[in-house]
Each structure stands twice: as structure tokens, then as C-alpha cells.
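Structure first, commentary second.
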Amino acid sequence: ANIEAKGRNGDTPLIVGSREGHLEIVKYLVDMKANFEAENRNGDTLCDLTNHKELKIFIKQCCIQRRVQVFERDLSDLHMLSTELKRVLGAEVGATSSEPSSLLKEMV
1 ANIEAKGRNG DTPLIVGSRE GHLEIVKYLV DMKANFEAEN RNGDTLCDLT NHKELKIFIK
61 QCCIQRRVQV FERDLSDLHM LSTELKRVLG AEVGATSSEP SSLLKEMV
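In my numbering, the protein residues as written are 1 to 108.
So, in C-alpha cells, the structure goes:
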């Protein structure tokens with residue numbers, strides 16, 4: 001079987017296992033040298049799609065061991081977005097606010 005096969009959305013078995021929270025499957029695919037840097041059609045990686053804390057920790061440990069950087073959309077991305085929005089829109093979006101969460105609240 002091809003461990004790098006992609007489904008309709010470009011998900012690899014490693015991405016699917018991560019998203020579904022199947023730690024044992026992810027461990028098996030890691031042992032088989034599955035590609036940690038694979039992205040689906042939306043640009044999501046295995047870290048982007050899992051909400052399982054134990055699995056995220058395992059994946060990050062494996063990435064460190066393999067010296068692979070896997071991008072995870074988190075608060076740092078929101079901070080960059082809020083900074084860019086403040087730069088472009090200025091006072092219209094609360095330019096005095098430095099927290100991404102307060103900027104997002106103002107936008108909603």
C-alpha cells in the first residue's frame with residue numbers, strides 16, 4: 001500500500017489519522033517514514049487538523065527528531081493577521097489594540 005496516497009481532498013493517511021485522533025495509526029505511519037510535510041489541497045498539515053493534545057505532542061516530538069518543521073495555525077498567525085489588518089485599516093479597526101483576540105472581537 002502507498003502510505004503517501006492522497007484522497008480527493010489531498011489528505012494522506014497520516015493527515016487522516018491525525019485528524020481522526022488515531023494515535024496508533026499515526027505511530028505506525030511514522031515508523032513507515034510517512035511524509036510529515038505533506039499538505040492537503042487546503043494547505044493543511046497533520047498538525048493543523050488534529051485537536052488531540054496527546055497526538056500533537058507526539059507529532060511535534062517526531063518533527064523535532066526528524067528536524068522537520070510542520071506549520072500549525074495558531075495564535076501567532078492571528079497576531080500576524082491582526083498586525084497586518086491594523087497596518088492596512090488603521091484606526092478603523094482599533095489600531096490601539098495589541099491583542100489579536102480583541103481585534104477579532106471588534107471585527108465580529
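We put the beta carbon where it would ideally sit given N, CA and C, even for glycine. Just so it is clear, the structure is predicted and the values come from calculations on it, not from any experiment.
C-beta contact flag for C47 and S18 at 9 Å: Counted from its first residue, the sequence shown places residue 47 at position 47. Counted from its first residue, the sequence shown places residue 18 at position 18. Yes, Cβ-Cβ distance for C47 and S18 is below 9 Å.
Alpha carbon of N40 to alpha carbon of A1, nearest angstrom: To locate residue 40, count along the sequence shown from 1; it is residue 40. To locate residue 1, count along the sequence shown from 1; it is residue 1. Between N40 and A1, the C-alpha separation is close to 19 Å.
Cut-off 6 Å between Cβ atoms - residues of its own chain near A38, not counting five sequence neighbours on either side: Indexing the sequence shown from 1 puts residue 38 at position 38. The residues are T12.
L55 versus R8: straight-line alpha-carbon distance, rounded: Residue numbering aside, residue 55 sits at position 55 when the sequence shown is read from its first letter. Residue numbering aside, residue 8 sits at position 8 when the sequence shown is read from its first letter. In this structure, the alpha-carbon of L55 lies about 24 Å from that of R8.
Residue burial classification, I57 (beta-carbon count within 10 angstroms, cutoff 16): Here residue 57 refers to the residue found at position 57 when the sequence shown is read from its first residue. With fewer than 16 other Cβ atoms within 10 Å, it is exposed.
Residue environment, I3, which counts as buried when at least 16 other CB atoms sit within 10 Å: For the purposes of this step, residue 3 is taken as residue 3 along the sequence shown, with counting starting at 1. Classified as exposed, I3 has fewer than 16 neighbouring CB atoms from the shown chains inside 10 Å of its CB.
Buried or exposed (CB count within 10 angstroms, at least 16 for buried), D44: On the sequence shown, residue 44 is found 44 positions in, with the first residue counted as 1. With 16 or more other Cβ atoms from the protein chains shown falling within 10 Å of its own Cβ, D44 counts as buried.
With 16 other Cβ atoms within 10 Å as the buried cut-off, status of A125: With the chain running from 1 to 108 in the structure shown, residue 125 is simply not present.
C-beta atoms of N51 and G21 nearer than 9 Å: As a first step, residue 51 is located in the sequence shown; it is residue number 51 there, counting from the start. As a first step, residue 21 is located in the sequence shown; it is residue number 21 there, counting from the start. For N51 and G21, yes; Cβs fall inside 9 Å.
Secondary structure of R41, DSSP reduced to three states: Counting from 1 along the sequence shown, the entry for residue 41 is found at position 41. In the structure shown, R41 sits in coil (DSSP, three-state: anything other than H, G, I, E or B).
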